[in-house]
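One structure is given here, and the rest of the page talks about it.
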Amino acid sequence: EIHVKEPIEKEVNPRLLPGELLLCEASTVCKYVQEDGSSRGTYGKLVCTNFKISFLDDDSASDDNEPQFKNKIVGENDITLQCVDQIYGVYDEKKKLLTGQLRKYPEKLIIYCKDLRVFNFCLRYTKEEEVKRIVSGIVHHSQTPKLLKRLFLFSYASAAPNNTDGRNQTVMFETLEDWRDELERTKGNVKYKVVTTNEGYRVSEKLPLYFVVPICISEESILKYEGRGIPIWCWSCHNGAALLKMSAFPKEQDDITSQMQKAFLDGIYKTISKPPYELLKTDDLSSSLPSLQDIQTAYTRFKQLFLIDNSTDFWATDVKWFSLLESTNWLEIIRRVLKKAIEVAECLEIQHTNVLLIEESATDLCCVISSLVQVMMDSYSRTKSGFQSLIQKEWVIGGHGFLDRCNHLHKSEKEEAPVFLLLLNCVWQLVQQYPPAFEFTETYLTVLSDSLYVPIFSTFFFNSQHQRDTNKNGESLKTQSGPFRFLTVWDWSVQFDSKAQAFLNNPLYAEKPKPDKSQRKTARFKHQRQLSLPLTQAKPSTKRGFFREETDHLIKNILGKRIGKFINSSDEPPNSLREFYDSWHSKPVDYHGLLLPRIDGPEIKVWAQRYLRWIPEAQLHGGGTIATAAKILDLMEEVQSLQVKMDEEHSQAVSGDVHSVPMLRNSARLSSLFPFALLQRQSVKPALPTSTWKDLEDEDDLVKRDDEFVDLSGDML
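Position one of the sequence shown corresponds to residue 1 (the UniProt record's numbering), numbered consecutively onward.
And the structure:
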């Protein structure tokens, strides 16, 4: 079933960014979706530029049907070249992966994206020459290895006017002052110092220009092994204990070198274990956490659950959802990482011990754990500007290899691993467990994950500060010689207008109260505590937290019986850690103090907004958390207007962010995966195939077993 609209009087042309060039195009291409064996589609033009693949139909020419949460850079039918995951061609109803040179051209094209969108294009009615050009162009520009300077990042930086919003409050950690301010903020400047030893990158190209080390570490020690074996400061706790990281020495060395390195390390450990420094605990993350290869394998399996071609496939996998989800091991990895962060927090908070995280390069799992610990222990990192500054400090300046780990250049799949996505998944668990503690929303985390694949920002497209600095110089298209002016992803005005940016801010954020003890006690949201049984989702109760005996009894029952294990390992955690975890969860939450994630049983959930937003069958229209948020926002608006009437003088100060979410009116018409899925754009009704119903009817046991999972699957969807 093909819906062909009246021919367009004027031809639709792609909207090109500065520096963007049209490379190839094909007309009479049908973009379609499959439902229960039949297809619905729209004809249009498929184009490929040096920035994106784009489908243009007559809707592209009008602004009437524009989504209200719109990305100004990447449209609904745009796929950046870096966002393309895999491309399949369909030959005689058989799918084949397309790479390199093609001898035969397919009649259908399926593009799987890294943000989990799936595009189906029918080329059956397209001219043969155009099919050859568009298919080979798309495959070549999105799948073959390329040079760094060929990234669109450089074309855009040399052509775009530099007129960005200068109100960005994110600390970039590119100057000595930024590091000194951070030391002062965390009161770490008594025992730690910023060093300039790496100016000109004379120590190592992997290290940033400026970093912080214990005061007792000499410049000579830093220079000796190119920064390896040196404890680098991440953050200081309120009690003086500090979180440190270290790049390990290579394991395969000759005996003499190994002995020298061991003697060097022993000297370093002795120096930083003496007063005024706290006791030191070392943690080799390469042995205590999954390998990068394990993480990549788990995520590859996990994302396959959401790359759905058609509704029949969705309902076929729905019956086996829990076993398929468990077999990926992705949620288990998230659980293990969160457990490790709790262990580190316990050492810092309770034992007053310095923790030194060790990893081969100290730029992968070290970044994940150090960031998580700071989000859990430092309320500043739970504000929007604080979280962005944290990402700058630990990841961008800290030297995480975004270029290799995201495989932006298609150089080597061996280096690819979703390490930054792992962090965002872990932070999302905290955001959905303790919403009032965060100034940003899950929508913020989702668009941040999407920004990994938008090559107009330099933030996620270099392996190190050195690589960025050395590639900054180039010829401008305006015939002026000079350094490139790269954009930072933290300037959200580049991607979203002010109305759309409102969705990134949490209107229910519990701002830090003034230091008045009587106020602080009453400001806690005790009812936000959530307990859930192993196989059901808890329904938030307005009474929770007031009936302490009942709550404590539930905690003991659930923790005692829940699937017989704390996280996933057969080894029970140390008693002190278990006591720390139980003790914290038995008290009311202070949203500006320490936050510990709940990691027992089904507390670790699927990030529905990111992974299910493109699947119509997974959406609840007029339901989900957005319906609750809409009601609360209506109430807040009412309170606000009363406040304005009562006190005109304070009206401006009070009205702050609450006009925040302009679209939440008429919540019955919104999808549970709002703002990415809107009801008016969904014309597909979920229908369970007859064969699946028949299977369910034949197996009464399966029906009963599925009923036990209903609440939890509703949460996941």
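Every residue gets a Cβ at the ideal spot worked out from N, C-alpha and C, and that includes glycine.
The structure presented is a predicted model; accordingly, all values stated were derived computationally and were not measured.
Relative to the alpha-carbon of I215, which residue among E252, S273, Q259 and P435 has its alpha-carbon at the smallest distance? When each option's Cα is compared against that of I215, the closest is S273.
Evaluate E349 with the Cβ neighbour count: other Cβ atoms within 10 Å of its Cβ, from every protein chain shown; 16 or more gives buried, anything less gives exposed. By the neighbour-count rule (16 or more Cβ atoms within 10 Å), E349 is buried.
R405: buried (16+ other C-beta within 10 angstroms of its C-beta) or exposed? Burial call: buried.
Specify, as a first and last residue, the run of the beta strand (DSSP E) that M246 falls within. Its beta strand (DSSP E) spans residues A242 to S247.
Reduced DSSP secondary structure (H/G/I, E/B, other) of C366: C366 sits in a helix when the DSSP states are folded into three classes.
Measure the C-alpha to C-alpha separation of E128 and Y112 and round it to an integer number of angstroms. Rounded to whole angstroms, the separation of the alpha carbons of Y112 and E128 is 23 Å.
Between the segment 370-382 and the segment 406-421, do at least 3 Cβ pairs fall closer than 8 Å? Segments in contact, no.
Since residue 718 is in the beta strand (DSSP E), which residue starts that stretch and which ends it? Any property of residue 718 remains undetermined from this structure, which presents the chain solely from 1 to 717.
Using only alpha-carbon positions, find the residue among L305, Q388 and E182 that is nearest to R610. It is L305 whose Cα lies nearest to the Cα of R610.
Select from Q392, K631 and K512 the residue whose C-alpha is nearest the C-alpha of T170. Ranking the options by Cα distance to T170, first place goes to Q392.
Extract the residue ranges of the beta strand (DSSP E) inside the segment 234-322, only unbroken runs of 3 or more that lie entirely within it. DSSP assignment within the segment 234-322 yields the following whole beta strand (DSSP E) runs of 3 residues or more, N-terminal first: 242-247 and 280-284.
Could you check the C-alpha separation between S569 and K94 for me, to the nearest Å? With a pLDDT of 38 at S569, under the threshold of 50, the modelled position of that residue is not reliable, and the figure given next carries that caveat. Their backbone Cα atoms lie some 42 Å apart in a straight line.
Assigned exposure category for E603 - 16 Cβ within 10 Å defines buried: The residue in question, E603, is buried, as its Cβ has 16 or more Cβ neighbours within 10 Å.
In terms of alpha-carbon separation, which member of T271, D378 and E20 lies closest to L280? L280 has its Cα closest to that of T271, out of T271, D378 and E20.
Length at least 4, wholly inside the segment 98-184: the alpha helix (DSSP H) runs in chain order: Listed in chain order, they are 128-143 and 152-159.
Which one of L289, H352, D309 and F55 has the shortest CA to CA distance from D364? Of L289, H352, D309 and F55, the residue nearest in Cα terms is L289.
Once the 5 residues before and after F462 are set aside, which same chain residues still bring their CB inside 7 Å of it? These residues qualify, in order along the chain: F402, L403 and R468.
Would you kindly check if the distance between the Cβ of S258 and the Cβ of E360 is under 8 Å? It is not a contact, given that the beta carbons lie outside the stated cut-off.
Just the Cα atoms here: how many angstroms apart are L595 and V431? One C-alpha to the other measures close to 10 Å.
Span separating the alpha-carbon of N168 from that of T488: So the alpha carbons of these two residues sit roughly 10 Å apart.
Alpha helix (DSSP H) containing Q465: first to last residue? Start and end: Q465 to T470.
Using only alpha-carbon positions, find the residue among Y269, L331, P507 and Y43 that is nearest to K245. Cα-wise, what sits closest to K245 is Y269.
The beta strand (DSSP E) enclosing I358, as first and last residue numbers: Residue range N354 to E359 is occupied by the beta strand (DSSP E) that includes I358.
Should E346 be labelled buried (16 or more other beta-carbon atoms within 10 Å of its own) or exposed? E346 counts as buried, since at least 16 other C-beta atoms from the protein chains shown sit within 10 angstroms of its C-beta.
Could you give the residue range of the alpha helix (DSSP H) that holds S586? Boundaries cannot be given for S586, as no alpha helix (DSSP H) includes it and DSSP labels it neither H nor E.
Pick helix, strand or coil for I87, following the three-state DSSP scheme. I87 carries a strand assignment under DSSP once its states are collapsed to helix, strand and coil.
Can you give me the start and stop residues for the alpha helix (DSSP H) that T443 sits inside? According to the DSSP assignment, T443 belongs to the alpha helix (DSSP H) that extends over E442 to D450.
If you check the beta carbons only, do Y434 and Y225 fall under 8 Å apart? Remark: C-beta atoms of Y434 and Y225 do not approach each other more closely than 8 Å.
Beta-bridge pairing of T80 - partner residues as DSSP gives them: The partner list for T80 (beta bridge, DSSP) reads K52.
Can you tell me which of the three DSSP states Y380 falls into? Note: Y380 maps to helix in three-state DSSP.
Cα-Cα separation, L508 to T144: When rounded, the distance between both Cα atoms is 46 Å.
To the nearest angstrom, how far is it from the Cα of P14 to the Cα of H238? Between P14 and H238, the C-alpha separation is close to 54 Å.
State the DSSP-derived secondary structure class of Q495, mapped to helix, strand or coil. Q495 falls in the coil class under three-state DSSP.
Simplified DSSP assignment, three categories, for T186: T186 falls in the coil class under three-state DSSP.
N- and C-terminal bounds of the beta strand (DSSP E) containing V74: Unbroken run through V74: none, as it is neither H nor E.
Contact under 8 Å by Cβ, F152 with I456: It is a contact, given that the beta carbons lie within the stated cut-off.
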